[in-house]
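Note that the working numbering has the sequence shown beginning at 114, numbered continuously upward. Even for Gly, the Cβ is constructed at its ideal location relative to N, Cα and C. Structure first, then comments.
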Amino acid sequence: MTPDQKAIVLNGLARGGTNITWNILQSHPNVVSPVHETNEIIGTRSHLTLLKPLLTQNPFPPLSSLITRYVRHRFAKYKLKNLQIEDNRYKTEDLPYSQQEILQATLCIKGICSANNWDLHYSNLLSQSFSKIFFISLVRNGYAICEGWKRRGVPPKKAGKLYARFVEQIVNDQAKFPQYKIVKFEDVLQSPFDMAETLFQFIQESPATLPKLRIKVKNTVNLKQKHETHYGELNRKYWFSRDTIGEIIKYDINRLQANGLSAQERALFRQEAREALAYFSYEELNA
């Protein structure tokens, strides 16, 4: 990949709705992901862990040039893996990509922040690596995120601190980077096609309106607080029109998840995340 190729960086909290949003972006025929998240390519889950100081700080110019060139090489390598994945190798419902089309397509990177990982650390590096770069950060009602983290062993108080840290950083980054957009996951859920058009316009991709969006099936919570698929095969991707998108999107998923928190857990989370929740006008979700 050359420095002038366009890149999009989607950042969000784990369990924050990045899967749906990332797939909406990749539904565009000229937007292709590197298959894996930032942490798996250059971050804490890659073999480059020892290089983190070089990747997250600003080394002197000669070394900086080598690092950004290497970063572009890594993402180009992983971008080509789409040709080997049945659900990813199609640019439309029935038209596959060529290798050249994938290499030339806009790169769509996904970064995740969690108790063990903070891909926002790499924003400066990615900004230096690609001259045409657009940042999209995804926020979600914190009570729903807290429930998802609780199931993975993160205490509500710690979840609240991480939520507040994430909100503070993306607000600061929005003022720092020229092309930066903060999106609410709730807006993605309520109007996925409208949000797709808004995002495609923001990242300057044409056409901005698509007849179908490709969404990956994941386990979601149900009324019995069980997590299972409610459409198709787990981890497979399917194309949906405006008329059928409701078959995969759960519009009330925030409330369903938040109902898995006790009153005490809500209070512990709110104690740490109150200002962040208020910044985006998030209120407590009740059954």
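8 Å Cβ cutoff, residue i in contact with chain B
{"i": "Leu196", "result": "This model lacks chain B altogether, as it is built from one protein chain only."}
Residue i in three-state terms, based on DSSP
{"i": "Phe353", "result": "strand"}
{"i": "Gly129", "result": "coil"}
{"i": "Ala120", "result": "strand"}
{"i": "Tyr392", "result": "helix"}
{"i": "Gly224", "result": "strand"}
{"i": "Ile154", "result": "helix"}
{"i": "Arg327", "result": "strand"}
{"i": "Ser178", "result": "helix"}
{"i": "Val296", "result": "strand"}
{"i": "Lys245", "result": "strand"}
For residue i, the residue or residues it bridges with in DSSP
{"i": "Cys259", "result": "According to DSSP, which records beta bridges pairwise, Cys259 is partnered with nothing at all."}
{"i": "Tyr203", "result": "Pro209"}
{"i": "Ser159", "result": "DSSP lists no partner for Ser159."}
{"i": "Leu251", "result": "Gly125, Val296"}
{"i": "Trp231", "result": "Cys226"}
Own chain, CB closer than 8 Å to residue i, minus 5 neighbours either side, in chain order
{"i": "Tyr392", "result": "Val280, Val284"}
{"i": "Phe173", "result": "Confidence at Phe173 is low in this model, with a pLDDT of 49, below 50, so its placement is unreliable and the value that follows should be read with caution. Contacts found: none."}
{"i": "Ile198", "result": "Val148"}
{"i": "Leu336", "result": "Residue confidence for Leu336 is low, a pLDDT of 47 falling below 50, so the modelled location carries little weight and cannot support an answer."}
Beta-carbon separation (whole angstroms), residue i vs residue j, contact threshold 8 Å
{"i": "Ser140", "j": "Arg327", "result": "5 Å"}
{"i": "Phe243", "j": "Phe290", "result": "So it is not a contact: roughly 12 Å between Cβ atoms."}
{"i": "Asn254", "j": "Glu299", "result": "7 Å"}
{"i": "Glu385", "j": "Lys297", "result": "Actually they do not touch by this definition, with Cβ atoms about 20 Å apart."}
Chain-order list of residues whose beta-carbon lies under 7 Å from that of residue i (same chain, five-residue window excluded)
{"i": "Gln401", "result": "Past the boundaries of the shown model lies residue 401; the chain is included only from 114 to 400, so the question cannot be answered."}
Beta-carbon spacing of residue i, residue j below 8 Å
{"i": "Lys263", "j": "Leu374", "result": "yes"}
{"i": "Ile222", "j": "Ala127", "result": "no"}
{"i": "Tyr256", "j": "Arg379", "result": "yes"}
Same chain, Cβ closer than 6 Å to residue i, neighbours up to 5 away in sequence not counted
{"i": "Ala120", "result": "Leu220, Phe243, Ile246"}
{"i": "Glu360", "result": "Tyr344"}
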